[in-house]
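These notes concern the structure reproduced below.
There are 2 protein chains.
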Amino acid sequence: MTPRIGIIGGGQLARMLFQAAVDIDIEVSFLVRETDEGIRGLAANVVVGDLGFETITQFASGVDVLTFEHELTPIETLHKLADAGVCLRPSAKTMEVAANKLAQRELFSRLKLPIPRFAKLNRDTAFVDPCIAKAITGGYDGRGVRWINEAQDLEPLVNDNVEWLIEDLLDVEDELAVLTVSSIDGDVTTYPPVRTIQRDGICVEVQWPPATTADLDERAQAMASAIARELGAVGVLAVEFFVVGGKLYVNEIAPRVHNSGHLTIEAASTSQFENHLRAVAGLPLGPTNFITPATMVNLIGNINRLADYQVAPNTRLHLYGKTGRKGRKVGHVTATAANVAAASQLAHRVRERIIASD
Amino acid sequence: MTPRIGIIGGGQLARMLFQAAVDIDIEVSFLVRETDEGIRGLAANVVVGDLGFETITQFASGVDVLTFEHELTPIETLHKLADAGVCLRPSAKTMEVAANKLAQRELFSRLKLPIPRFAKLNRDTAFVDPCIAKAITGGYDGRGVRWINEAQDLEPLVNDNVEWLIEDLLDVEDELAVLTVSSIDGDVTTYPPVRTIQRDGICVEVQWPPATTADLDERAQAMASAIARELGAVGVLAVEFFVVGGKLYVNEIAPRVHNSGHLTIEAASTSQFENHLRAVAGLPLGPTNFITPATMVNLIGNINRLADYQVAPNTRLHLYGKTGRKGRKVGHVTATAANVAAASQLAHRVRERIIASD
Chain B
140 MTPRIGIIGG GQLARMLFQA AVDIDIEVSF LVRETDEGIR GLAANVVVGD
190 LGFETITQFA SGVDVLTFEH ELTPIETLHK LADAGVCLRP SAKTMEVAAN
240 KLAQRELFSR LKLPIPRFAK LNRDTAFVDP CIAKAITGGY DGRGVRWINE
290 AQDLEPLVND NVEWLIEDLL DVEDELAVLT VSSIDGDVTT YPPVRTIQRD
340 GICVEVQWPP ATTADLDERA QAMASAIARE LGAVGVLAVE FFVVGGKLYV
390 NEIAPRVHNS GHLTIEAAST SQFENHLRAV AGLPLGPTNF ITPATMVNLI
440 GNINRLADYQ VAPNTRLHLY GKTGRKGRKV GHVTATAANV AAASQLAHRV
490 RERIIASD
Chain U
140 MTPRIGIIGG GQLARMLFQA AVDIDIEVSF LVRETDEGIR GLAANVVVGD
190 LGFETITQFA SGVDVLTFEH ELTPIETLHK LADAGVCLRP SAKTMEVAAN
240 KLAQRELFSR LKLPIPRFAK LNRDTAFVDP CIAKAITGGY DGRGVRWINE
290 AQDLEPLVND NVEWLIEDLL DVEDELAVLT VSSIDGDVTT YPPVRTIQRD
340 GICVEVQWPP ATTADLDERA QAMASAIARE LGAVGVLAVE FFVVGGKLYV
390 NEIAPRVHNS GHLTIEAAST SQFENHLRAV AGLPLGPTNF ITPATMVNLI
440 GNINRLADYQ VAPNTRLHLY GKTGRKGRKV GHVTATAANV AAASQLAHRV
490 RERIIASD
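Going line by line, the protein sequences match chains B and U. Residues in the first sequence are numbered from 140 upward in steps of one, following the working numbering. Residues in the second sequence are numbered from 140 upward in steps of one, following the working numbering.
Right, here's the structure in full:
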């Protein structure tokens with residue numbers, strides 16, 4: 140029997156994992172919070188509850204493997220679950236490092252990977268040049284990030300009730316992401332690097348192929364694999380890179396399916412969602428080659444009426460079933476074409492029709 | 140608000156309609172029979188019940204539009220539902236003709252479309268040459284079809300408790316199918332013709348592009364459109380053709396998403412499932428162009444253990460959540476490649492791994 144998979148989380152990543160589970164006939168259940176939109180009312184097996192030890196233990200009793208859509212489960216709870224014999228994929232240890240931006244950087248340093256200079260922020264941290272401050276835990280989609288122009292900008296952060304780190308602000312030319320997929324036996328495979336484009340700290344577009352050399356691609360994949368291997372990852376783990384002066388710097392990681400991989404649904408042999416499920420279920424991983432140039436554009440904000448959802452040729456729409464609001468990802472569109480420029484144009488044309496202007 | 144769609148049926152077509160509904164965020168419910176496998180335990184909104192007037196009326200009260208995965212609902216029930224104000228898409232009239240192979244042929248004749256010579260079977264029907272007998276209602280996947288070699292083969296059918304028709308057995312070179320999609324305003328669009336390959340009356344493989352001329356393609360699309368228009372179809376309606384001596388003969392129709400259109404999931408701009416939902420929901424239809432050569436191969440029989448589900452590059456697996464048995468469609472695999480021959484080879488390679496030899 141294929142193991143039953145329990146997924147903690149109920150947003151769009153859960154939604155797309157669900158669709159992939161249907162294709163390969165894997166039984167999935169979801170533990171979602173009261174406020175989650177995306178999978179409630181859609182999948183048959185949805186439990187609404189908090190992220191406490193009792194709730195998760197109860198949820199886990201009905202499945203064989205637990206996996207995650209987000210990094211919000213308290214780490215101590217994950218360790219307690221593991222101690223209680225719950226099968227976590229990825230492990231509590233992997234989640235612990237991935238949920239902590241300082242621990243991530245210590246890992247990258249240990250692997251001697253190129254990263255921006257960083258320091259944990261405290262009263263004594265020297266401020267040098269413009270830098271960037273990041274909340275050590277809990278930040279996402281531009282939240283928990285501050286641009287620091289002068290020493291006094293650090294004051295409120297030093298006194299904040301969450302911990303911060305600062306790192307050098309690099310002159311970033313480009314950003315890449317590599318999705319790794321790790322089997323339960325420790326085999327690590329990677330998707331080719333994609334180019335990610337952010338605005339205001341939110342990913343707005345992802346493209347394959349990126350305008351990189353084969354050599355840069357290889358190095359990015361090798362670094363990403365090293366990280367996944369060192370972490371003992373299982374399933375998809377995304378590694379984000381900066382390109383500065385033609386050189387790679389590791390930015391950060393996410394131990395789960397990732398916005399940078401949505402275009403694998405249409406453009407790769409196996410989607411990141413199917414491969415994550417295959418990995419955590421202990422099935423053979425699917426091939427990770429891209430089969431066509433493609434661009435994914437996030438739909439962010441308020442959606443026009445469905446009646447206006449004209450689609451363009453060679454594009455696919457993915458709506459998340461979420462209430463639209465300013466800055467919120469409510470869907471994405473992927474376009475395939477002979478090249479990235481053409482795909483990007485198609486995808487943006489659809490976005491402009493669907494997203495109501497503010 | 141987008142209308143809520145109620146789908147009568149709970150097999151693989153319902154399953155793939157469900158996946159498409161997730162992408163475009165349409166609310167769908169299913170009325171399934173006790174024995175249906177495919178959507179039970181998967182979707183949140185599933186009602187188990189019979190196909191009687193009371194059951195369907197109750198089910199319909201929770202949705203805005205009713206549509207169908209199969210032609211099993213009794214026609215008199217559909218007319219009663221329509222009279223009671225239930226919104227049926229397609230209509231009872233369309234379903235009535237489509238569910239009756241004799242009425243189909245009378246329609247084709249009225250439209251002066253080329254078809255094999257046919258006659259309703261009764262005591263007086265003259266037997267001429269080898270012919271083929273078809274149950275007028277209820278047949279599918281090779282059931283309800285008999286090859287008639289001599290006059291006495293007709294005896295049991297004349298005395299059968301279902302009605303039969305006979306038609307000339309043509310020397311078929313090839314078979315094509317055209318999917319039509321009709322909007323609620325009567326606009327009819329078509330997908331390009333695909334080649335279908337049957338074995339023992341069951342579709343085993345579908346390919347695009349077929350080895351046809353542009354002229355033949357155009358004529359097939361024109362005939363299919365004429366049928367959909369004449370029937371007042373809404374949503375997907377499939378039209379199957381024989382190619383004999385380089386000429387087209389209309390074979391039969393199905394007023395729903397169809398096995399010949401599964402490869403549109405990967406290979407066309409809009410899948411037949413999304414377009415059916417768009418049509419019955421009154422949304423703009425999606426583009427129907429193919430974007431890559433592709434082959435779909437049905438998985439028929441018993442499935443090997445999931446652990447063996449190796450997938451090949453450029454292929455996608457779709458399992459239906461059904462118990463495998465001899466002759467039963469339990470999934471399909473679609474391969475995309477530079478040409479049909481390469482795609483076909485890839486798809487069969489996956490099929491051979493997945494389907495246990497008898």
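Where a beta carbon is used, it is the ideal one built from N, C-alpha and C, also for glycine. These numbers come from a predicted model, not from an experiment.
Straight-line gap, Pro332 of chain B to His397 of chain U (C-alpha atoms, nearest Å): Along the first sequence, read from residue 1 onward, the residue named residue 332 of chain B stands at position 193. Along the second sequence, read from residue 1 onward, the residue named residue 397 of chain U stands at position 258. Their Cα atoms are separated by approximately 37 Å.
So Cys153 of chain B contacts chain U; which residues on that side make the cut at Cβ distance below 9 Å? Position 14 of the first sequence, counting from 1, holds the residue named residue 153 of chain B. Here the sequence assigns Ala to residue 153 of chain B, which means Cys is not the residue at that position. Per Cβ cutoff of 9 Å: no residues; Ala153 of chain B is ~11 Å from chain U at best.
Short of 8 Å Cβ to Cβ, which residues in the segment 448-462 of chain B face chain U? Tyr448, Gln449, Val450, Ala451, Pro452, Asn453, Thr454, Arg455, Leu456, His457, Leu458, Tyr459, Gly460
In this structure, does DSSP put Val284 of chain U in helix, strand or coil? Working through the second sequence from its first residue, we reach residue 284 of chain U at position 145. Residue state, collapsed to three classes: strand.
Go ahead and label Gly177 of chain U buried or exposed: buried means 16 or more other beta carbons lie within 10 angstroms of its beta carbon, across all protein chains shown. The residue given as residue 177 of chain U occupies position 38 in the second sequence. Gly177 of chain U comes out buried.
Could you tell me how far apart the beta carbons of Thr233 of chain U and Gly371 of chain U are, in whole angstroms, since I believe they sit closer than 8 Å? Here residue 233 of chain U corresponds to residue number 94 of the second sequence, with the count starting at 1. Here residue 371 of chain U corresponds to residue number 232 of the second sequence, with the count starting at 1. Correct: roughly 6 Å between the Cβ atoms.
Contact under 8 Å by Cβ, Val202 of chain U with Ser168 of chain U: Counted from its first residue, the second sequence places residue 202 of chain U at position 63. Counted from its first residue, the second sequence places residue 168 of chain U at position 29. It is a contact, given that the beta carbons lie within the stated cut-off.
Taking Val345 of chain U and Leu387 of chain U to be in contact with their CB atoms under 8 Å, please state how far apart those CB atoms are, rounded to whole angstroms. Translated into the one-based positions of the second sequence, residue 345 of chain U becomes position 206. Translated into the one-based positions of the second sequence, residue 387 of chain U becomes position 248. The Cβ separation is near 17 Å, so there is no contact.
For Thr434 of chain B, does the three-state DSSP call read helix, strand or coil? Here the question's residue 434 of chain B lines up with position 295 in the first sequence. In this structure, Thr434 of chain B counts as strand in the three-state DSSP scheme.
Thinking C-alpha only, which one of U:Arg464, U:Val317, U:Arg172 is nearest Leu99 of chain U? Residue 99 of chain U falls outside the range modelled here, since chain U spans only 140 to 497, and no answer is possible.
Find the nearest neighbour of Ala258 of chain B within the set B:Leu308, B:Arg282, B:Pro452, B:Leu250, judged by alpha-carbon distance. The residue given as residue 258 of chain B occupies position 119 in the first sequence. Per the Cα distances, B:Leu308.
Would you mind giving the Cβ-Cβ distance between Ile323 of chain B and Val373 of chain B, rounded to the nearest angstrom? I have them listed as a contact below 8 Å. Working through the first sequence from its first residue, we reach residue 323 of chain B at position 184. Working through the first sequence from its first residue, we reach residue 373 of chain B at position 234. Rounded, the Cβ-Cβ distance is 6 Å, consistent with contact.
Chain B contacts from the segment 153-179 of chain U (Cβ-Cβ distance under 7 Å): Arg154, Gln158, Val161, Asp162, Ile163, Asp164
Look at the alpha carbon of His415 of chain U and the alpha carbon of Glu405 of chain U, and state the distance between them as a whole number of angstroms. Taking the first residue of the second sequence as position 1, residue 415 of chain U is located at position 276. Taking the first residue of the second sequence as position 1, residue 405 of chain U is located at position 266. Each residue's alpha carbon lies about 16 Å from the other.
Taking DSSP as the reference, what is the three-state secondary structure of Thr319 of chain B? Counting from 1 along the first sequence, the entry for residue 319 of chain B is found at position 180. If DSSP states are grouped into helix, strand and coil, Thr319 of chain B belongs with the strands.
From which residue to which residue does the beta strand (DSSP E) around Thr351 of chain B run? Indexing the first sequence from 1 puts residue 351 of chain B at position 212. It is not in any beta strand (DSSP E) - Thr351 of chain B carries neither H nor E in the DSSP assignment.
If I'm right that Arg338 of chain U touches Val297 of chain U with Cβ under 8 Å, what's the distance once you round it to whole angstroms? Here the question's residue 338 of chain U lines up with position 199 in the second sequence. Here the question's residue 297 of chain U lines up with position 158 in the second sequence. Actually they are not in contact, since the Cβ atoms of Arg338 of chain U and Val297 of chain U sit about 29 Å apart, beyond 8 Å.
Identify which residue in U:Ile442, U:Val311, U:Thr427, U:Asp326 has its Cα closest to the Cα of Val382 of chain U. Sequence index remark: in the second sequence, residue 382 of chain U carries index 243 (1-based). Of U:Ile442, U:Val311, U:Thr427, U:Asp326, the residue nearest in Cα terms is U:Val311.
Would you call the CB atoms of Thr196 of chain B and Ala153 of chain B closer than 8 Å? Counting from one through the first sequence, the residue named residue 196 of chain B turns up at place 57. Counting from one through the first sequence, the residue named residue 153 of chain B turns up at place 14. No.
Note down, in chain order, every chain B residue with its Cβ under 7 Å from the Cβ of Thr475 of chain U. Working through the second sequence from its first residue, we reach residue 475 of chain U at position 336. In chain order: Ile430.
Any chance you could list the beta strand (DSSP E) runs of at least 3 consecutive residues sitting entirely within the segment 170-199 of chain U, in chain order? 185-187
Bounding residues of the beta strand (DSSP E) (the contiguous stretch that carries Ala274 of chain B): The sequence position of residue 274 of chain B within the first sequence is 135, counting from 1. Residues 270-274.
Tell me, to the nearest whole angstrom, how far the beta carbon of Leu304 of chain B is from that of Leu250 of chain B; I am working on the premise that it is less than 8 Å. As a working mapping, residue 304 of chain B is identified with position 165 in the first sequence. As a working mapping, residue 250 of chain B is identified with position 111 in the first sequence. With 8 Å as the limit, Leu304 of chain B and Leu250 of chain B do not qualify as a contact, their Cβ atoms being about 18 Å apart.
If we call anything under 8 Å between Cβ atoms a contact, is Glu235 of chain B one with Ile214 of chain B? For this step, residue 235 of chain B is matched to residue 96 along the first sequence. For this step, residue 214 of chain B is matched to residue 75 along the first sequence. Their beta carbons are under 8 Å apart, which means Glu235 of chain B touches Ile214 of chain B by this criterion.
When you compare the CB of Ile200 of chain B with every CB in chain U, is at least one pair closer than 8 Å? Working through the first sequence from its first residue, we reach residue 200 of chain B at position 61. The sequence as given places Ser at residue 200 of chain B; Ile does not occur at that position. Not closer than 8 Å to any Cβ of chain U, the Cβ of Ser200 of chain B fails to qualify, so no.
What distance in whole Å lies between the Cβ atoms of Pro142 of chain B and Ala477 of chain B, which are believed to be in contact at a cut-off of 8 Å? On the first sequence, position 338 is the one that residue 477 of chain B refers to. On the first sequence, position 3 is the one that residue 142 of chain B refers to. That belief does not hold up - the Cβ atoms of Ala477 of chain B and Pro142 of chain B are roughly 41 Å apart, past 8 Å.
Any non-hydrogen atom of the ligand MG closer than 7 Å to Val171 of chain U Cβ: By its list of ligands, the structure shown contains no ligand whatsoever, and the ligand MG lies outside what it can speak to.
Is there a Cβ from chain B that is less than 8 Å from the Cβ of Pro426 of chain U? Numbered from its first residue, the second sequence carries residue 426 of chain U at position 287. So, interface residue.
Per-residue contacts from Ser399 of chain B into chain U (C-beta, under 7 Å): As a first step, residue 399 of chain B must be located in the first sequence, where it is residue number 260. Within 7 Å Cβ-Cβ: nothing; Ser399 of chain B doesn't reach chain U, min ~20 Å.
Nearest chain U C-beta to Thr409 of chain B closer than 8 Å, yes or no? Translated into the one-based positions of the first sequence, residue 409 of chain B becomes position 270. Closer than 8 Å to some Cβ of chain U, the Cβ of Thr409 of chain B qualifies, so yes.
Flag this pair as yes or no: are the beta carbons of Ser321 of chain U and Leu376 of chain U separated by less than 8 Å? Along the second sequence, one-based indexing puts residue 321 of chain U at 182. Along the second sequence, one-based indexing puts residue 376 of chain U at 237. Yes, Cβ-Cβ distance for Ser321 of chain U and Leu376 of chain U is below 8 Å.
I'd like the ranges of any alpha helix (DSSP H) spanning at least 4 consecutive residues and lying wholly in the segment 233-267 of chain B. 240-249
Measure the CB-CB distance between Val301 of chain B and Gly340 of chain B and report whether it falls below 8 Å. For the purposes of this step, residue 301 of chain B is taken as the residue at position 162 of the first sequence. For the purposes of this step, residue 340 of chain B is taken as the residue at position 201 of the first sequence. Not closer than 8 Å, so no.
Please confirm if Ala183 of chain B has its CB atom under 8 Å from at least one CB of chain U. Residue numbering aside, residue 183 of chain B sits at position 44 when the first sequence is read from its first letter. Cβ-Cβ to chain U under 8 Å: yes for Ala183 of chain B.
Residue nearest to Gln151 of chain B in terms of C-alpha spacing, selected from U:Met155, U:Leu156, U:Glu413, U:Asp164: The count along the first sequence starts at 1 and reaches residue 151 of chain B at position 12. Ranking U:Met155, U:Leu156, U:Glu413, U:Asp164 by Cα distance to Gln151 of chain B puts U:Asp164 first.
Judging by CA-CA distance, which residue of B:Pro423, B:Arg256, B:Ser496 is the nearest neighbour of Asn508 of chain B? Since the displayed chain B opens at 140 and closes at 497, residue 508 of chain B lies outside it and no answer follows.
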